[in-house]
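First comes the structure, then the notes that go with it.
There are 2 protein chains.
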Amino acid sequence: MGRNRVTLADVAKRAGLSKTAASMVLNGREGTRLSAEAHQRVFAAAEELGYRPNVAARSLRTRKTATIAFVSDIVATTRFAGGLIRGALDAARERDHVLLITETQGDAAFEQYAIEAILDRQVDGVIYAAMATRRLAVPPAILSGPVVLLNATSAEKLPCVLPDDERAGVTVAETLLGHGHRDRIALIGRNRQKERDPEISLAAEARLRGIRATLAAAGVKLLSETFCPEWLPEHGYTATRALLGRPERPTAIICMNDRLAFGAYQALGEAGLTIPNDISVISFDDDPTASWLRPRLSTAALPHEQMGRRAVELLLDGEAESPSFVPMPLRRRRSVGPPAGSPWVAPHD
Amino acid sequence: MGRNRVTLADVAKRAGLSKTAASMVLNGREGTRLSAEAHQRVFAAAEELGYRPNVAARSLRTRKTATIAFVSDIVATTRFAGGLIRGALDAARERDHVLLITETQGDAAFEQYAIEAILDRQVDGVIYAAMATRRLAVPPAILSGPVVLLNATSAEKLPCVLPDDERAGVTVAETLLGHGHRDRIALIGRNRQKERDPEISLAAEARLRGIRATLAAAGVKLLSETFCPEWLPEHGYTATRALLGRPERPTAIICMNDRLAFGAYQALGEAGLTIPNDISVISFDDDPTASWLRPRLSTAALPHEQMGRRAVELLLDGEAESPSFVPMPLRRRRSVGPPAGSPWVAPHD
DNA sequence: CCTCGTCGCTAAACTGATTTAGCAGAGCAT
DNA sequence: ATGCTCTGCTAAATCAGTTTAGCGACGAGG
């Protein structure tokens, strides 16, 4: 790859100057006393020869590689990863950086290997990303340089980027209240593990907190809270069926994520109920399938692209206070309406 | 990052030998006449000091970076990309290589930039990936080194990795025939553009070819073929509704991809039909949602991980004939059964 | 005793950039 | 004429490895 590349020496020779001069001109160094004419000649020579610096050679001297490592537990392979990487990629490009991607697959040996591989390549910094928003233990080796945690926190109080799940909980609850739902709002997806163990999830507790605070402030209590062993479609399906078997039917269901909502749609469809006429559904994540459903699902979106972008900004530009919370915008679609049988008219959305 | 790393000189000094000796030992060079004892000392010193070579320094001399560029049009961000990257990552790790990821977003300027960025970093080779299986134009700059096309072909007959869509078409048709479906098989997702223009899709034509050849060989004709402007859920929904409005109801529907099948499920559900008792559905891709559906969808899986892996193998190990077709395994789930009203018993699956 | 080959190892060149230290010449004041 | 500063530029060191060329000691053969 690139066998006969033009080197700085070639440029210097063509410009009739020394490598030093060429280097300084091309790097736009201030305070050098090279003549305007020398500048011209160097630029012209570089242009004519199509000169591109050799990053390896440069970084050997400067210890900067303009390369960021994106290390994830397993995120790079899941559907959730796309946005994270894409955002990071964009922000990196804007800063003339490039992304080296590795995956630990949650395996200690792989992690060790991955980290050595990137450290050997002298990356300028590391973005350590998690698939699920959670607290994690950062391998000590990467603490030797700049690190930003993406979708994660750690005991070390490292700079990190997190989705604002609590605020999303507020938004979701407010939306339901705004449509006139009051005392017949059901919640699907309680999960003690996720709520209690920050190493498993930070989202569950935060979303719940936001929802509860908002409803409480409006003097509203949840009709029911259904526990689920996981946040998968089948559990949403089971939970919803159980819900429909109870005497008092809810006017709205909050699902802790879209996969649960997916299952809820299936159960509601089977029961012959229409969304949102009979029951409204609202959720979190904005999984791609949310807009495949009929009616399309209203959900608070995980701002993956923004998060990936923010991580790079934090890493390269510094500043910004540490737990950087990225807002989760509500995707207003068609799954939320006024409570069944109410004379209420939906607000514009 | 890694300010005070141990260098080869440190190792050599500790072993009481020259840098040359240390280098040769650590690289396992044959034909050197260094004593067994010298080997011992170098290994011991490297181990004790935790020596790790500086890749930049090495590659400056050797012109090998043990880095592969993964350039995609837009693939890295979609749900389809995950497996591709994951497979490539795995295969790269096995060969002690690392992946540099960039995205062109289908934009010429971005592409130009991305390619310069990776060429500046002296990557050992490039994997050029497309989101949709198609023929594309390869930017000349990357032809200066080893390239493998992933999920794509080109006019230049470069080495490439493709899913075996035609064989998948055969499998899908065979499955339906195997369950006893004959003359009432409908097809959803015909699309002239996709079938005709290889720069848009290679899959449509290949899948269709496989299906037709197989049915023809069994003396079976398709009941109907429905055209769709895109392969999205809404089009599958519309097409299925249209299908159900016809006098003769199909016993099985082949969808050209899972998103169409998703829409088909919705239409069938609304019509009160049960899968597979009333109608069987089978499809292509194995999108993650395929196993969220009720019943779970039988579909010929795009072998993304295998493909990513194969691309790296092709790039690094060479050999293997060029259009490397990766089989698409059928995920046998619950959406296919014997034709409605038939006394037929489903084969084991 | 001289030459030759082999063994075990090393000095130094080389990769392509950045950076430090400093040189030659011009202009000015003393 | 001498010393000084300023201008415009360059030689050489440096980064951390790999690779080439070859050196000194030793033993064998003539």
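Which chain is which? The protein sequence lines are A and B, in order.
For the first sequence, position 212 (counting from the first letter as 1) is numbered 212 according to UniProt numbering, and the numbering increases by one without interruption.
For the second sequence, position 38 (counting from the first letter as 1) is numbered 38 according to UniProt numbering, and the numbering increases by one without interruption.
Built from N, CA and C at the ideal position, the CB exists for glycine as well.
Among the options, nearest to residue i - alpha-carbon criterion
i	options	result
residue 161 of chain A	A:217, A:131, A:33	A:131
residue 97 of chain A	B:94, B:97, B:101, B:95	B:101
residue 214 of chain A	A:47, A:168, A:184	A:168
residue 284 of chain A	A:217, A:329, A:183	A:329
residue 186 of chain B	B:281, B:314, B:95	B:281
residue 276 of chain B	B:84, B:309, B:176	B:176
residue 301 of chain A	A:295, A:309, A:290	A:290
residue 44 of chain B	B:165, B:12, B:220	B:12
residue 183 of chain B	B:158, B:219, B:298	B:219
residue 207 of chain B	B:165, B:241, B:199	B:165
residue 230 of chain A	A:221, A:241, A:200, A:64	A:200
residue 93 of chain B	B:309, B:333, B:33	B:309
residue 22 of chain A	A:6, A:30, A:31, A:46	A:46
residue 332 of chain A	A:8, A:172, A:42, A:203	A:172
residue 37 of chain A	A:25, A:204, A:111	A:25
residue 52 of chain B	B:69, B:7, B:35, B:86	B:7
residue 325 of chain B	B:278, B:57, B:202, B:95	B:202
One or two residues paired with residue i in a DSSP bridge
i	result
residue 225 of chain A	A:187
residue 100 of chain A	A:69, B:100
residue 285 of chain A	A:301
residue 128 of chain B	B:71, B:149
residue 161 of chain A	A:150, A:324
residue 252 of chain A	A:185, A:280
residue 330 of chain B	B:300
residue 63 of chain A	Paired residues: none, contrary to the question.
residue 134 of chain B	B:152
Status (buried if at least 16 other CB within 10 Å, exposed otherwise) for residue i
i	result
residue 18 of chain A	exposed
residue 226 of chain A	buried
residue 258 of chain A	buried
residue 99 of chain B	buried
residue 321 of chain A	exposed
residue 349 of chain B	Residue placement at residue 349 of chain B cannot be trusted, given a pLDDT of 49 that sits under 50; what the coordinates show is reported in the next sentence. So residue 349 of chain B counts as exposed.
residue 27 of chain B	exposed
residue 106 of chain A	exposed
residue 338 of chain A	buried
residue 251 of chain B	buried
residue 4 of chain A	exposed
residue 20 of chain B	exposed
residue 125 of chain B	buried
residue 59 of chain A	buried
residue 62 of chain B	exposed
residue 73 of chain B	buried
residue 286 of chain A	buried
residue 82 of chain A	buried
residue 114 of chain A	buried
residue 344 of chain B	Caution applies to residue 344 of chain B, whose pLDDT of 48 falls short of 50 and renders its modelled position unreliable; the value that the coordinates give is listed next. With fewer than 16 other Cβ atoms within 10 Å, it is exposed.
residue 112 of chain B	exposed
residue 346 of chain B	Low confidence applies to residue 346 of chain B: its pLDDT is 48, below 50, so where it sits in the model is not reliable enough to give any reading.
Test item: CB-CB of residue i and residue j under 8 Å
i	j	result
residue 108 of chain B	residue 135 of chain B	no
residue 163 of chain A	residue 288 of chain A	no
residue 261 of chain A	residue 245 of chain A	no
residue 223 of chain B	residue 195 of chain B	no
residue 188 of chain A	residue 253 of chain A	yes
residue 311 of chain B	residue 55 of chain B	no
residue 294 of chain B	residue 266 of chain A	yes
residue 67 of chain B	residue 121 of chain B	yes
residue 71 of chain A	residue 128 of chain A	yes
residue 315 of chain A	residue 140 of chain A	no
residue 269 of chain B	residue 210 of chain A	no
residue 240 of chain B	residue 217 of chain B	no
By the 9 Å beta-carbon criterion, what residues does the segment 223-234 of chain A contribute toward chain B? 232, 233, 234
Give the residues from the UniProt domain "HTH lacI-type" (6-62) of chain B that approach chain A closer than 9 Å (Cβ to any Cβ), ordered along the chain. 52, 53, 54, 55, 56, 57, 58, 59, 60
Mind checking the segment 134-146 of chain B against chain A and listing, in chain order, the residues whose C-beta falls within less than 9 Å of any C-beta there? 142, 144, 145, 146
Within 9 Å of chain A by C-beta, residues of the segment 110-127 of chain B in sequence order: 110, 113, 114, 116, 117, 118, 119, 120, 121, 122, 123, 124, 125, 126
Residues of the segment 287-302 of chain A in Cβ contact with chain B at a cutoff of 7 Å, in chain order, please. 288, 289, 292, 294
Near-chain A residues of the segment 305-328 of chain B - C-beta to any C-beta below 8 Å: none
Within 9 Å of chain B by C-beta, residues of the segment 252-270 of chain A in sequence order: Taken in chain order, the members of the segment 252-270 of chain A whose beta-carbon sits within less than 9 Å of a beta-carbon on chain B are 259, 262, 263, 266, 269, 270.
Using a Cβ cut-off of 8 Å, which residues of the segment 173-199 of chain B contact any Cβ in chain A, in chain order? For the segment 173-199 of chain B, no residue has a beta-carbon sitting nearer than 8 Å to a beta-carbon of chain A.
Residues of the segment 160-174 of chain B with a CB closer than 8 Å to any CB of chain A: list them in chain order, please. Under the 8 Å Cβ criterion, the segment 160-174 of chain B contributes no residue.
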